[in-house]
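K.L.:
Have a look at this one.
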Amino acid sequence: MIKTKITEMLNIDHPIVQGGMHYVGFAEMAAAVSNAGGLGIITGLTQPTPDDLAKEIARCHEMTDKPFGVNLTFLPGFAAPDYPGYIKAIIEGGIKIVETAGRSPEAFMPPLKEAGIKVIHKCTSVRHALKAEKIGCDAASVDGFECGGHPGEDDIPNMILLPRAAEELKIPFIASGGMGNAQQLVAALAMGAEGINMGTRFIATKEAPVHQNVKDALVNASELDTTLIMRPLRNTERVLKNDAVNRILEKEKSLGDKIQIQDIFGEVAGVYPKIMQEGTMEAGAWSCGMVAGLIHDIPTCKELIEGIVSEAESIISSRLANLKSA
Ligand SMILES: Cc1cc2nc3c(=O)[nH]c(=O)nc-3n(C[C@H](O)[C@H](O)[C@H](O)COP(=O)(O)O)c2cc1C
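The numbering of the sequence shown is the numbering used here, which starts it at 71 and goes up by one.
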């Protein structure tokens, strides 16, 4: 067992969190991760209404007695979802851990804190993590440039970002982005993190409620197969390369600074159900991390989590300890 401030804070067995993922973070995913001793997270905004989120939380409670969380992503630009409604569903659903992402959760901290909820803010820079600390977040999930999804605009990989976070933060932090195996867990702990957050790696598990084509795509992809889109819109996203992504990149090149989200709407809006549920892999752009290069199998969440933890323990007690004695 590896015990850290994060396992203690979240009341979980292993320092491994499953980050919120659009059209992946359903009750089945969250329950599988939590039952395996990690922290599973339901993606709030994948549920079309707060009422649907309440039902998804209830479904997850039926599948696990262990703690699980809900992700609330504060989206830039698009019409604002009913955040107060989603927060009400979270509180009434007895959720005690929320992962926030996107913009600062400051406006929503009072109801979350009054309900005794631990808030983990996922952010891509030390300055945003410090802001999270200042407004009362309990932990930060520090998301490096390698990550699947939105790495921000600073492009700092975790080999620098994590030790920088360790220099500045007082609240515990989790290493997010590129994480997928035991060596990385040990490295993250060495760099000051109290655990790891995995997105992409959890999609390639038996229980992930996505089409087999998505899992196969991850096993077949290498670390060279992701790219960044929407940089000119300052909404950079790391995605798996495909034909839709090529079309986006061509439009970004030809339209330059004049590009607007409407120009790529067909490739990015409403595509997740087609990809994740129907397995139509060319339907649009979907978030995927460089860690795809380290994904070679489709284990159960229990096999994945327990495998990472037990190998990490042996790296610490054998390889690293032997270096010292040698
Ligand atoms: C398919 C997919 C969908 C994602 N959707 C969301 C989301 O809706 N909200 C969010 O905060 N993060 C989202 N993320 C980011 C993950 O929670 C996590 O921070 C990221 O995947 C970590 O990097 P990794 O993929 O290298 O593990 C998504 C990631 C993936 C791969």
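The beta-carbon is built from N, C-alpha and C at its ideal position, and this holds for glycine as well. Treat the numbers as computed from the prediction; the structure is a model and nothing was measured.
Quick check on the DSSP output: the alpha helix (DSSP H) that includes Leu288 runs from which residue to which?
P.N.:
Note, Leu288: alpha helix (DSSP H), 282 to 290.
K.L.:
Is Lys344 near ligand 1, in the sense that its beta carbon is under 8 Å from a heavy atom of that ligand?
P.N.:
Lys344 Cβ: outside cutoff for every heavy atom of ligand 1.
K.L.:
Between the stretch 124 to 144 and the stretch 378 to 396, do three or more beta carbon pairs fall short of 8 Å?
P.N.:
Short answer: they don't touch.
K.L.:
Counting Cβ pairs closer than 8 Å, one from the stretch 264 to 271 and one from the stretch 229 to 248, do we hit at least three?
P.N.:
Yes, since at least three Cβ pairs between the stretch 264 to 271 and the stretch 229 to 248 fall closer than 8 Å, the two stretches touch.
K.L.:
Using only CA atoms, which one of Gly164, Thr296, Ile331, Gly340 lies nearest to Val361?
P.N.:
Of the listed residues, the one whose Cα sits closest to Val361 is Thr296.
K.L.:
Just checking Tyr93 against ligand 1 - is the residue's beta carbon closer than 8 Å to any of the ligand's heavy atoms?
P.N.:
Yes, the beta carbon of Tyr93 sits closer than 8 Å to at least one heavy atom of ligand 1.
K.L.:
Looking only at DSSP bridge pairs, what is Glu169 linked to?
P.N.:
DSSP output for Glu169 lists Asn141, Ile190 as bridge partner(s).
K.L.:
Using only the alpha-carbon positions, how far apart do Glu264 and Leu325 sit?
P.N.:
Taking the straight line from one Cα to the other gives about 43 Å.
K.L.:
Quick one: is Val309 buried, meaning 16 or more other Cβ sit within 10 Å of its Cβ, or exposed?
P.N.:
Answer is buried; the Cβ neighbour count reaches 16.
K.L.:
With DSSP run on the structure shown, which of helix, strand or coil describes Glu307?
P.N.:
Glu307 falls in the strand class under three-state DSSP.
K.L.:
Can you tell me the Cα-Cα spacing of Ile334 and Gly218, whole angstroms?
P.N.:
Taking the straight line from one Cα to the other gives about 19 Å.
K.L.:
Say whether the stretch 366 to 386 touches the stretch 217 to 237, bearing in mind that this needs 3 or more beta-carbon pairs closer than 8 Å, one atom from each stretch.
P.N.:
Because the criterion of three Cβ pairs below 8 Å is not met, the stretch 366 to 386 and the stretch 217 to 237 do not touch.
K.L.:
Rounding to the nearest angstrom, what Cα-Cα distance links Pro302 and Ile241 in this structure?
P.N.:
The alpha-carbon atoms of Pro302 and Ile241 are separated by roughly 33 Å.
K.L.:
Below 8 Å on the Cβ atoms is my guess for Gly163 versus Ala101; work out the distance and round it to an integer in Å.
P.N.:
Contact doesn't hold; Cβ gap of about 14 Å is too wide.
K.L.:
With DSSP run on the structure shown, which of helix, strand or coil describes Gly262?
P.N.:
Residue state, collapsed to three classes: coil.
K.L.:
I'd like the list of long-range same chain contacts for Asp208, defined as Cβ closer than 6 Å, with 5 residues on each side in sequence excluded.
P.N.:
Result list for Asp208: Lys188, Val189, in chain order.
K.L.:
Going by Cα to Cα distance, which pick from Val87, Gln253, Ala199, Arg173 is closest to Ile167?
P.N.:
The shortest C-alpha separation from Ile167 is found at Val87.
K.L.:
If we count the other Cβ atoms within 10 Å of its Cβ and call it buried at 16 or more, is His366 buried or exposed?
P.N.:
The residue is exposed, with fewer than 16 neighbouring Cβ atoms inside 10 Å.
K.L.:
So what does DSSP say about Met268, is it helix, strand or coil?
P.N.:
DSSP places Met268 in strand when its eight states are reduced to three.
K.L.:
Name the DSSP bridge partner or partners of Leu298?
P.N.:
DSSP, once it has assigned bridges, lists Arg308 as partnering Leu298.
K.L.:
What is the C-beta distance between Glu169 and Gly89, in whole angstroms, given that I count them as a contact (C-beta under 8 Å)?
P.N.:
At roughly 7 Å, the Cβ-Cβ gap stays under 8 Å, so Glu169 and Gly89 are in contact.
K.L.:
Assuming Ile430 and Glu126 form a contact by the criterion Cβ under 8 Å, report the distance between their Cβ atoms to the nearest whole angstrom.
P.N.:
This structure cannot speak to residue 430, because the chain is shown only from 71 to 396.
K.L.:
Closer than 8 Å to a non-hydrogen atom of ligand 1 - does that hold for the CB of Ser292?
P.N.:
For ligand 1, not one heavy atom lies less than 8 Å from the Cβ of Ser292.
K.L.:
Name the two residues that bound the continuous alpha helix (DSSP H) containing Ala97.
P.N.:
Note, Ala97: alpha helix (DSSP H), 97 to 105.
K.L.:
In angstroms with no decimal places, state the Cα-to-Cα distance between Asp286 and Ser395.
P.N.:
Cα to Cα, the separation comes out at about 43 Å.
K.L.:
Applying the criterion that 16 or more other CB atoms from any shown protein chain within 10 Å of the CB defines a buried residue, is Met91 buried or exposed?
P.N.:
By the 10 Å Cβ count, Met91 comes out buried.
K.L.:
Mapping the DSSP letters down to three states, classify Phe243 as helix, strand or coil.
P.N.:
Three-state DSSP puts Phe243 in a strand.
K.L.:
Just how far apart, CA to CA, sit Gly95 and Thr116?
P.N.:
In a straight line, the C-alpha of Gly95 is about 8 Å away from that of Thr116.
K.L.:
Could you round the C-beta distance between Pro343 and Tyr93 to whole angstroms and report it? I think they count as a contact, below 8 Å.
P.N.:
That pair is a contact at about 6 Å.
K.L.:
Please state if the CB of Gly206 and the CB of Met229 are separated by a distance shorter than 9 Å.
P.N.:
Taking 9 Å as the Cβ cut-off, Met229 and Gly206 do not qualify as a contacting pair.
K.L.:
According to DSSP, simplified to helix, strand and coil, what is Ala235?
P.N.:
Here Ala235 sits in helix by DSSP.
K.L.:
Out of curiosity, what's the CA-to-CA distance linking Pro180 and His220?
P.N.:
Distance between the alpha carbons of Pro180 and His220: 26 Å.
K.L.:
Can you tell me whether DSSP reads Ala339 as helix, strand or coil?
P.N.:
Residue state, collapsed to three classes: coil.
K.L.:
With Ser211 as the anchor, note down where its beta strand (DSSP E) starts and where it stops.
P.N.:
Residues 209 to 213.
K.L.:
Flag Met360 as yes when its Cβ comes closer than 8 Å to any non-hydrogen atom of ligand 1, and as no otherwise.
P.N.:
Yes; taking the cut-off as 8 Å, the Cβ of Met360 has a heavy atom of ligand 1 nearer than that.
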